[in-house]
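So the sequence lines, in the order shown, correspond to chains A and B.
Heads up: the first sequence is residues 103 to 263, going by the numbering used here.
Heads up: the second sequence is residues 133 to 420, going by the numbering used here.
Backbone N, C-alpha and C fix where the C-beta goes; we use that ideal spot for every residue, glycine too.
Since the structure is predicted, the reported quantities are computational estimates derived from the model, not experimental observations.
Written out below as structure tokens is the structure these notes cover.
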Amino acid sequence: MSPSTASQLAAHPLFADLPPAAIGALSACASDVSFEPGELILTEGADAKTFYLLRQGKVALSAHAPGKGHLLVQTLGPGEALGLSWLFPPFLWQFDARAVERVEAFALDGPCLRAKLEGDPALGYELLKRFTPIVLERLQQTRLRLLDLYGNGTTSDGHPH
Amino acid sequence: MATLTEPSPAPAPTGPFTPATFRVAGREQEAPDVATLALEPTDGRSFAFHPGQFNMLTAFGVGEVPISISSRPGSRPLLHTIREVGPVTAALCRAPVGSLVGVRGPFGTDWGLDAFAHADVVVVAGGIGLAPLRGAVQVLLDRAGLPMGPRKVVVLVGARTPDQLIFRRDLDAWRAHAEVAVTVDMATSGWEGNVGVVTSLVGSAGFDAHRAMALVCGPEVMMRHTVQALIERGVLPTSIRLRVSLERNMQCGTGLCGHCQLGPFLLCRDGPVVTYPQASRLLAEAEL
Chain A
103 MSPSTASQLA AHPLFADLPP AAIGALSACA SDVSFEPGEL ILTEGADAKT FYLLRQGKVA
163 LSAHAPGKGH LLVQTLGPGE ALGLSWLFPP FLWQFDARAV ERVEAFALDG PCLRAKLEGD
223 PALGYELLKR FTPIVLERLQ QTRLRLLDLY GNGTTSDGHP H
Chain B
133 MATLTEPSPA PAPTGPFTPA TFRVAGREQE APDVATLALE PTDGRSFAFH PGQFNMLTAF
193 GVGEVPISIS SRPGSRPLLH TIREVGPVTA ALCRAPVGSL VGVRGPFGTD WGLDAFAHAD
253 VVVVAGGIGL APLRGAVQVL LDRAGLPMGP RKVVVLVGAR TPDQLIFRRD LDAWRAHAEV
313 AVTVDMATSG WEGNVGVVTS LVGSAGFDAH RAMALVCGPE VMMRHTVQAL IERGVLPTSI
373 RLRVSLERNM QCGTGLCGHC QLGPFLLCRD GPVVTYPQAS RLLAEAEL
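Here you go:
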């Protein structure tokens, strides 16, 4: 990865304010990638070897259900992280991910990154502190959707709308 | 169908408890369970209101319900967007063109749009919560570019599914002059928009939090989480206005009957639009 892309990586919200040595270690595992609209980025059940930091474009996570096609789970956009399964066993993608628009992203090699984090517990802890809020936010958003807030039974005739 | 279909003399209203008769001039199905009624007064008089206010609508022989006004002030016909959730709203949603309904109002507080000069106005709506915001957005866009108009308008909308997204034509039209983002909770591969909760749109929306004014309407849980996202983004709590109903039963519309009391508020009179500092303690209390 070139120095300019390393500085771009340092500017990503997930890695903001990390010391240069940490950025250097992360850069060694990173590369620039792009995907055209419709291109499959992750495949459900495949080895989760890479995760992506999106810079541009939109990605749709989906699961295929017989007779129902692809059920969309979530869309992700610039500044967001695509793929969390690279960090936790069994290291398998849980959903498909497809580019909805042209996507530009940093790809980070999961095994390379895990080795760096294992070898540098301080960096490992720092990155876990940065990944955990993403996991928490997605859990909370999923819980909100489980509430089916806009569904039937959430209001009645006396309730102004 | 319990609505009247025969023309009848339109008696002049004698007070806030006497409904005026309005004729259904048009009816548009916005979603499987949501319809917009276009109403014209049978006496031809104009009907003044401010965005955010509501009317008590009567389906004759069935009952009366509070419904937000979803049209722009000064425009005709008068629009109400109604979700079918019980017998009265079902009768209203199915009222045929030409039939009569009763209208009392307008009641309650409004969005107070005159205070939004030079602001980045962020409108966040969930589900049918877009209805009381439509007139506000239209007024804001009318004022955009004027000396006392907003600097920018951002509209963030959440719906359950794509087919339950209301006001699609308006959303498309607003895109010419406002930043509009839509997300749904559930979709299949034909949907090319966002999937996720509406709060997820707040972080990436293009507005300056320090000069932002926010208008929020939707289910209570959605509003609580939206407010949290807005405050995390840097919007001042005093710059957030909510349209609350909190499941209170509005009946008289004038603050007399007390059915809509919420702590110190009578929501039909002191609400439904309140500032976040006014609503925050009440929103946090279960079963108040």
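Selected residue, minimal CA-CA separation from residue i, among the options
i: Ala-199 (chain A); options: A:Gly-159, A:Arg-232, A:Gly-169 and A:Lys-218; result: A:Gly-159
i: Cys-214 (chain A); options: A:Thr-234, A:Pro-180 and A:Leu-189; result: A:Leu-189
i: Gly-184 (chain B); options: B:Ala-257, B:Gln-360 and B:Gly-244; result: B:Gly-244
i: His-114 (chain A); options: A:Val-135, A:Leu-156 and A:Ser-133; result: A:Leu-156
i: Gly-185 (chain A); options: A:Gln-176, A:Phe-137, A:Thr-177 and A:Trp-195; result: A:Trp-195
i: Ala-291 (chain B); options: B:Leu-273, B:Phe-248, B:Ala-319 and B:Lys-284; result: B:Ala-319
i: Glu-141 (chain A); options: A:Tyr-154, A:Ala-207 and A:Ala-201; result: A:Ala-201
i: Ala-310 (chain B); options: B:Val-327, B:Val-289 and B:Ile-298; result: B:Val-289
i: Asp-175 (chain B); options: B:Gly-240, B:Pro-369, B:Leu-232 and B:Cys-349; result: B:Leu-232
i: Phe-239 (chain B); options: B:Gly-385, B:Gly-390, B:Arg-413 and B:Leu-398; result: B:Gly-385
i: Tyr-154 (chain A); options: A:His-172, A:Ala-217, A:Pro-168 and A:Ser-129; result: A:Ser-129
C-beta contact flag for residue i and residue j at 9 angstroms
i: Val-194 (chain B); j: Ala-223 (chain B); result: yes
i: Thr-346 (chain B); j: Ile-372 (chain B); result: The identity of residue 346 (chain B) in the sequence shown is Ala, whereas the question assumes Thr. In this structure, Ile-372 (chain B) lies closer than 9 angstroms to Ala-346 (chain B) by Cβ.
i: Ala-116 (chain A); j: Ala-183 (chain A); result: For clarity, residue 116 (chain A) is Leu in the given sequence; the question names Ala instead. Yes, they are a contact pair.
i: Arg-343 (chain B); j: Asp-252 (chain B); result: yes
i: Thr-190 (chain B); j: Ser-200 (chain B); result: no
i: Glu-216 (chain B); j: Asp-165 (chain B); result: yes
i: Pro-404 (chain B); j: Pro-264 (chain B); result: yes
i: Val-359 (chain B); j: Val-254 (chain B); result: no
i: Leu-230 (chain A); j: Leu-219 (chain A); result: yes
i: Asp-246 (chain B); j: Met-280 (chain B); result: yes
i: Val-161 (chain A); j: Glu-206 (chain A); result: no
i: Leu-362 (chain B); j: Val-256 (chain B); result: yes
Any C-beta of chain B under 9 angstroms from that of residue i
i: Leu-194 (chain A); result: no
i: Asp-149 (chain A); result: no
i: Lys-170 (chain A); result: yes
i: Tyr-252 (chain A); result: yes
i: Ala-162 (chain A); result: yes
i: Thr-177 (chain A); result: yes
i: Leu-249 (chain A); result: yes
i: Pro-180 (chain A); result: yes
i: Val-237 (chain A); result: no
Integer-rounded CB distance, given that residue j should sit under 8 angstroms from residue i
i: Gly-226 (chain A); j: Lys-151 (chain A); result: Contact doesn't hold; Cβ gap of about 18 angstroms is too wide.
i: Ala-170 (chain B); j: Pro-198 (chain B); result: Contact flag wrong, Cβ pair sits at about 19 angstroms.
i: Arg-483 (chain B); j: Ser-202 (chain B); result: Residue 483 (chain B) cannot be examined here, being either before or after the span of chain B that is shown, 133 to 420.
i: Val-235 (chain B); j: Phe-149 (chain B); result: Rounded, the Cβ-Cβ distance is 12 angstroms, inconsistent with contact.
i: Cys-349 (chain B); j: Gly-237 (chain B); result: Contact doesn't hold; Cβ gap of about 18 angstroms is too wide.
C-beta neighbour in chain A for residue i, strict 9 angstroms
i: Arg-307 (chain B); result: no
i: Arg-401 (chain B); result: no
i: Ile-260 (chain B); result: yes
i: Gln-296 (chain B); result: yes
i: Ala-227 (chain B); result: no
i: Arg-413 (chain B); result: no
i: Asp-175 (chain B); result: no
i: Ser-203 (chain B); result: no
i: Gln-410 (chain B); result: no
Backbone CA spacing between residue i and residue j [nearest angstrom]
i: Gln-383 (chain B); j: Cys-392 (chain B); result: 8 angstroms
i: Pro-139 (chain B); j: Arg-401 (chain B); result: Any reading at Pro-139 (chain B) must be qualified, since the residue scores a pLDDT of 49, below 50, and its modelled position is unreliable; the value itself is stated next. Their backbone Cα atoms lie some 33 angstroms apart in a straight line.
i: Tyr-408 (chain B); j: Asp-149 (chain A); result: 47 angstroms
i: Pro-294 (chain B); j: Gly-258 (chain B); result: 13 angstroms
i: Glu-146 (chain A); j: Gln-296 (chain B); result: 29 angstroms
i: Pro-235 (chain A); j: Thr-244 (chain A); result: 14 angstroms
i: Pro-121 (chain A); j: Gly-335 (chain B); result: 25 angstroms
i: Ala-411 (chain B); j: Leu-374 (chain B); result: 8 angstroms
i: His-166 (chain A); j: Val-156 (chain B); result: 45 angstroms
i: Asp-250 (chain A); j: Ala-127 (chain A); result: 43 angstroms
i: His-250 (chain B); j: Asp-302 (chain B); result: 23 angstroms
i: Leu-136 (chain B); j: Arg-177 (chain B); result: With a pLDDT of 49 at Leu-136 (chain B), under the threshold of 50, the modelled position of that residue is not reliable, and the figure given next carries that caveat. So the alpha carbons of these two residues sit roughly 20 angstroms apart.
i: Met-133 (chain B); j: Glu-324 (chain B); result: Note that Met-133 (chain B) scores 46 on pLDDT, short of 50, meaning its location in the model is unreliable; the coordinates nonetheless yield the value given after this. If I take the Cα positions, the gap works out to 39 angstroms.
i: Phe-299 (chain B); j: Cys-131 (chain A); result: 47 angstroms
i: Val-269 (chain B); j: Asp-304 (chain B); result: 13 angstroms
i: Glu-239 (chain A); j: Pro-191 (chain A); result: 20 angstroms
i: Ala-313 (chain B); j: Leu-333 (chain B); result: 7 angstroms
i: Met-354 (chain B); j: Thr-331 (chain B); result: 8 angstroms
i: Arg-247 (chain A); j: Val-329 (chain B); result: 7 angstroms
i: Arg-232 (chain A); j: Ala-108 (chain A); result: 18 angstroms
i: Asp-317 (chain B); j: Pro-173 (chain B); result: 38 angstroms
Proximity test, residue i beta-carbon vs the ligand NAD heavy atom, cut-off 8 angstroms
i: His-357 (chain B); result: This structure lacks the ligand NAD; in fact it carries no ligand of any kind.
Chain D contact residues for residue i, given Cβ-Cβ distances below 8 angstroms
i: Val-135 (chain A); result: In summary, chain D is missing from the structure at hand, where the protein chains are A and B.
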